[in-house]
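Below is one structure, written out as structure tokens; comments come after it.
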Ligand code: SF4
């Protein structure tokens with residue numbers, strides 16, 4: 020029998036940022052977690068991973084006390100002994116000061132990502148970084164490529180409220196798998212289908228559970244979505260579906276786009292993408308004649324060297340048909356641009372020295388192994404502070420990441436909830452709170468609610484918050500910033516005040532405010548984000564990142580991917596599995612049990628050609644290394660395409676090496692970004 024229901028917010032790396040109702044069994048124990056019924060976006064629904072979060076929250080393997088390494092790096096719990104918090108933080112501070120004395124402040128690299136998405140607990144590490152002039156981080160694991168692609172056309176990172184999906188007659192999920200990764204989107208799609216008879220289209224290189232639920236599934240080869248989008252736009256212009264009045268009023272370079280697309284026929288797109296020309300043309304006609312068409316743009320197809328260009332090409336569709344003008348029409352990629360939270364205090368932006376060096380986080384392997392392309396003439400990284408991420412598993416080029424972490428001259432402190440593979444490489448491990456044990460504020464990329472969540476239960480054992488670690492290290496290291504003297508709630512309240520937003524007491528039940536924009540603004544009818552207020556069909560890539568040279572201005576298929584060749588005949592993707600989301604959930608046994616073991620989906624004809632059958636061991640490889648997985652025959656992808664769903668712990672693989680061994684740390688264009696779905700490999704019997 021629950022003591023009461025408490026409210027919280029899901030902190031995981033998922034655009035839904037669900038409003039939660041938590042069964043609180045006592046002051047230390049939670050029961051089942053539900054979606055908040057009174058939040059119009061969450062609407063009472065959460066994914067199974069978080070519904071059973073109690074399993075993770077109260078897992079016996081959660082870290083309970085600070086640990087000091089006494090044995091081999093990577094050897095797990097046995098290589099550590101418990102120490103006190105004071106001794107642990109003293110040790111970290113001493114090591115950082117020693118490293119700085121020898122190499123200067125940039126030898127320390129605080130490293131974090133999206134294990135929690137709360138602004139205070141996630142981003143506070145930057146305040147310590149900036150106050151002490153440590154090396155900066157270009158955060159490229161997830162959104163960088165998609166951001167560049169979206170901003171190229173629209174000029175600002177926002178779109179139509181997802182609640183308008185329910186008003187739509189045609190919903191397209193392009194490059195996303197919400198059934199597995201963002202279940203709430205399906206709530207609103209289901210409503211549109213049930214109440215309006217809306218059609219549902221999915222564009223994805225393999226038949227995901229979301230594609231299975233769709234009326235139409237277009238299945239391009241990975242890295243060819245830009246070609247499909249151009250083929251669709253060719254038909255829109257040729258068959259009279261382009262809204263000429265809208266184009267004239269709201270866009271620039273429409274004539275150049277139309278002329279450019281004359282040769283981008285559906286047949287041209289078929290030759291590149293493998294999607295039959297007739298399917299491209301049929302979809303174009305459906306899209307063209309449906310005014311209320313809602314395009315939900317996912318991240319998947321941006322994780323490619325040409326990913327920003329692909330996403331840009333797709334964003335051009337509603338600008339050609341003028342779908343933006345209609346309720347239930349337009350597009351949404353992410354709504355980060357609507358919240359307006361001033362992050363100066365949270366991140367210490369007022370003490371940032373732009374002269375300090377900045378590393379691409381996806382290149383942590385090359386950085387730690389001393390690659391001159393990253394280090395230049397600067398000092399090596401000899402000290403790391405890691406919060407909220409597990410680069411030993413999630414970063415590209417696992418072999419170089421592992422080699423880097425093994426360096427005997429590298430001191431690593433990891434603040435974590437579990438003994439992840441990264442924590443196992445650390446010298447000092449600190450136990451971290453979960454979102455249920457601390458206060459924070461959350462923006463939601465997939466909706467419009469700014470939410471505050473307060474602590475629901477007391478921290479487990481000796482677990483402490485990210486904010487505690489940052490402020491206590493700041494004190495020991497002599498870092499100066501007023502944020503180090505404030506509580507989480509004080510930082511939240513002050514940041515809201517600085518932003519001109521209502522204070523926490525004005526939030527609905529202290530929980531959220533709705534930042535939905537007026538219709539005209541959300542639909543860009545009062546102008547897009549560029550200075551000229553127009554949607555740009557010619558991207559100014561140079562303004563979006565330094566690696567812009569290979570990207571053409573007009574939407575196109577950009578042939579800079581890791582193409583299949585005689586030696587590497589397969590193109591491989593590595594999307595998330597349903598039970599994992601990212602590596603966060605692969606510490607809990609039920610998720611691992613549900614997913615079975617690491618497998619590769621292979622077209623039945625390819626499997627036969629390889630002389631293999633379902634269940635056989637298959638080795639996948641390229642110039643970076645090789646991994647062994649289990650073969651699974653699957654006809655929901657094109658020949659020559661492989662899908663390895665993850666993200667599994669490396670230890671779940673036969674040789675202790677996971678799929679990111681094969682993923683390149685090459686930056687996507689124009690501004691970096693992990694290219695997790697852009698890999699050519701060979702496959703053979705293991
Ligand atoms: S759907 Fe996403 S935001 Fe909602 S509970 Fe699951 S992981 Fe969290």
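In the numbering used here, the protein residues as written are 20 to 705.
Every residue gets a Cβ at the ideal spot worked out from N, C-alpha and C, and that includes glycine.
When the Cα atoms are used, what is the spatial distance from residue 636 to residue 703? As a first step, residue 636 must be located in the chain shown, where it is residue number 617. As a first step, residue 703 must be located in the chain shown, where it is residue number 684. If you take the alpha carbons of residue 636 and residue 703, they lie about 9 angstroms apart.
Is residue 386 close to the ligand SF4? I mean its beta-carbon at under 8 angstroms from any heavy atom of the ligand. For the purposes of this step, residue 386 is identified with residue 367 of the chain shown, where counting begins at 1. Answer for residue 386: no, Cβ out of range of the ligand SF4.
Beta carbon of residue 534, beta carbon of residue 38: below 9 angstroms? Numbered from 1 along the chain shown, position 515 holds the residue referred to as residue 534. Numbered from 1 along the chain shown, position 19 holds the residue referred to as residue 38. Contact: no.
Just the Cα atoms here: how many angstroms apart are residue 642 and residue 448? Against the chain shown, residue 642 aligns to sequence position 623. Against the chain shown, residue 448 aligns to sequence position 429. Using only the alpha carbons, I get a separation of about 34 angstroms.
Inter-residue Cα distance where the pair is residue 15 and residue 248: Because residue 15 is not part of the residues shown, which for the chain are 20 to 705, the question remains open.
Does the distance between the C-beta of residue 162 and the nearest non-hydrogen atom of the ligand SF4 fall short of 8 angstroms? Numbered from its first residue, the chain shown carries residue 162 at position 143. Answer for residue 162: no, Cβ out of range of the ligand SF4.
Would you kindly check if the distance between the Cβ of residue 430 and the Cβ of residue 130 is under 9 angstroms? Indexing the chain shown from 1 puts residue 130 at position 111. Indexing the chain shown from 1 puts residue 430 at position 411. No, the pair does not count as a contact, with Cβ atoms beyond the cut-off.
Mapping DSSP to helix, strand and coil, what is residue 479? Reading the chain shown from its first residue, position 460 is the one you call residue 479. Note: residue 479 maps to coil in three-state DSSP.
In whole angstroms, what is the alpha-carbon distance linking residue 473 and residue 352? One-based indexing of the chain shown puts residue 473 at position 454. One-based indexing of the chain shown puts residue 352 at position 333. Cα-Cα distance, rounded: 28 angstroms.
What span of residues does the alpha helix (DSSP H) with residue 6 cover, start to end? The question about residue 6 has no answer, for the chain in this structure spans 20 to 705.
Residue 78: which of 341, 47, 330, 640 sits nearest, CA to CA? For the purposes of this step, residue 78 is taken as residue 59 along the chain shown, with counting starting at 1. The shortest C-alpha separation from residue 78 is found at 47.
Where are the beta strand (DSSP E) runs, 3 residues long or more, that stay fully inside the segment 552-593, in chain order? 589-592
So what does DSSP say about residue 258, is it helix, strand or coil? Here residue 258 refers to the residue found at position 239 when the chain shown is read from its first residue. Coil at residue 258, not helix or strand.
Assess, as a yes-or-no matter, whether the segment 230-244 is touched by the segment 668-683 under the definition of 3 or more beta carbon pairs within less than 8 angstroms. no
First and last residue of the uninterrupted alpha helix (DSSP H) at residue 212: Working through the chain shown from its first residue, we reach residue 212 at position 193. It spans 202-215 - the alpha helix (DSSP H) in which residue 212 sits, taken as one unbroken run.
Residue 190 vs residue 320 beta-carbon contact at 9 angstroms: For this step, residue 190 is matched to residue 171 along the chain shown. For this step, residue 320 is matched to residue 301 along the chain shown. It is not a contact, given that the beta carbons lie outside the stated cut-off.
Would you give the residue range spanned by the beta strand (DSSP E) that residue 448 belongs to? Here residue 448 is taken as the residue at index 429 of the chain shown, counted from 1. Counting along the chain, the beta strand (DSSP E) containing residue 448 begins and ends at 447-450.
First and last residue of the uninterrupted beta strand (DSSP E) at residue 461: Translated into positions along the chain shown, residue 461 becomes position 442. Run containing residue 461: 459-461, per the beta strand (DSSP E) assignment.
Contiguous alpha helix (DSSP H) assignments of at least 4 residues, all confined to the segment 123-172: 138-142, 144-151
Between residue 201 and the ligand SF4, is the CB less than 8 angstroms from at least one heavy atom? Taking the first residue of the chain shown as position 1, residue 201 is located at position 182. Yes, the beta carbon of residue 201 sits closer than 8 angstroms to at least one heavy atom of the ligand SF4.
Could you name the residues of the same chain whose beta carbon sits closer than 6 angstroms to that of residue 422, not counting the 5 residues immediately before and after it, in chain order? The residue given as residue 422 occupies position 403 in the chain shown. If we look at residue 422 and ignore the five residues flanking it on each side, its Cβ neighbours are 388.
Contact test: residue 29 Cβ vs the ligand SF4 heavy atom, cutoff 8 angstroms: Looking up residue 29 in the chain shown gives position 10. Yes; taking the cut-off as 8 angstroms, the Cβ of residue 29 has a heavy atom of the ligand SF4 nearer than that.
Which residues share a DSSP beta bridge with residue 358? Locating residue 358 in the chain shown gives position 339, counting from the first residue. Residue 358 is not bridged to any residue.
Helix, strand or coil at residue 60 according to DSSP, with G and I counted as helix: For the purposes of this step, residue 60 is identified with residue 41 of the chain shown, where counting begins at 1. Residue 60: coil per DSSP, three-state reduction.
Is residue 39 near the ligand SF4, going by C-beta to nearest heavy atom under 8 angstroms? Walking along the chain shown from the start, residue 39 turns up at place 20. Result yes, Cβ under 8 angstroms from the ligand SF4.
Please look up how many angstroms separate the CB atoms of residue 168 and residue 330, rounded, as I've assumed it's under 8 angstroms. Working through the chain shown from its first residue, we reach residue 168 at position 149. Working through the chain shown from its first residue, we reach residue 330 at position 311. Between residue 330 and residue 168 the Cβ distance is about 3 angstroms, and since that is below 8 angstroms, they are a contact.
Our contact map puts residue 590 next to residue 640 with C-beta atoms below 8 angstroms; I'd like the distance itself, whole angstroms only. Taking the first residue of the chain shown as position 1, residue 590 is located at position 571. Taking the first residue of the chain shown as position 1, residue 640 is located at position 621. 14 angstroms between Cβ atoms; not a contact.
In the segment 83-111, which residue ranges form an unbroken alpha helix (DSSP H) of at least 4 residues, counting only runs that do not cross its ends? none
Compute the distance between the beta-carbons of residue 43 and residue 406, then report whether it is under 9 angstroms. Along the chain shown, read from residue 1 onward, the residue named residue 43 stands at position 24. Along the chain shown, read from residue 1 onward, the residue named residue 406 stands at position 387. Not in contact: residue 43 and residue 406 (Cβ atoms no closer than 9 angstroms).
Select from 506, 689, 490 the residue whose C-alpha is nearest the C-alpha of residue 499. Taking the first residue of the chain shown as 1, we reach residue 499 at position 480. Nearest option by C-alpha distance: 490.
Residue environment, residue 76, which counts as buried when at least 16 other CB atoms sit within 10 Å: Working through the chain shown from its first residue, we reach residue 76 at position 57. The residue in question, residue 76, is buried, as its Cβ has 16 or more Cβ neighbours within 10 Å.
When you compare the segment 619-636 with the segment 371-383, are there three or more beta-carbon pairs, one atom per stretch, that lie closer than 8 angstroms? no
I want to know whether the segment 258-270 touches the segment 337-356 - three or more CB-CB distances under 8 angstroms. yes
Would you identify the three-state DSSP class for residue 76, choosing helix, strand or coil? For this step, residue 76 is matched to residue 57 along the chain shown. It is helical.
Shortest alpha-carbon distance to residue 415 belongs to which of 22, 27, 694, 98? In the chain shown, the residue the question calls residue 415 occupies position 396. Comparing Cα-Cα distances from residue 415 to each of 22, 27, 694, 98, the minimum goes to 694.
Using three-state DSSP, classify residue 377 as helix, strand or coil. Residue numbering aside, residue 377 sits at position 358 when the chain shown is read from its first letter. Residue 377: strand per DSSP, three-state reduction.
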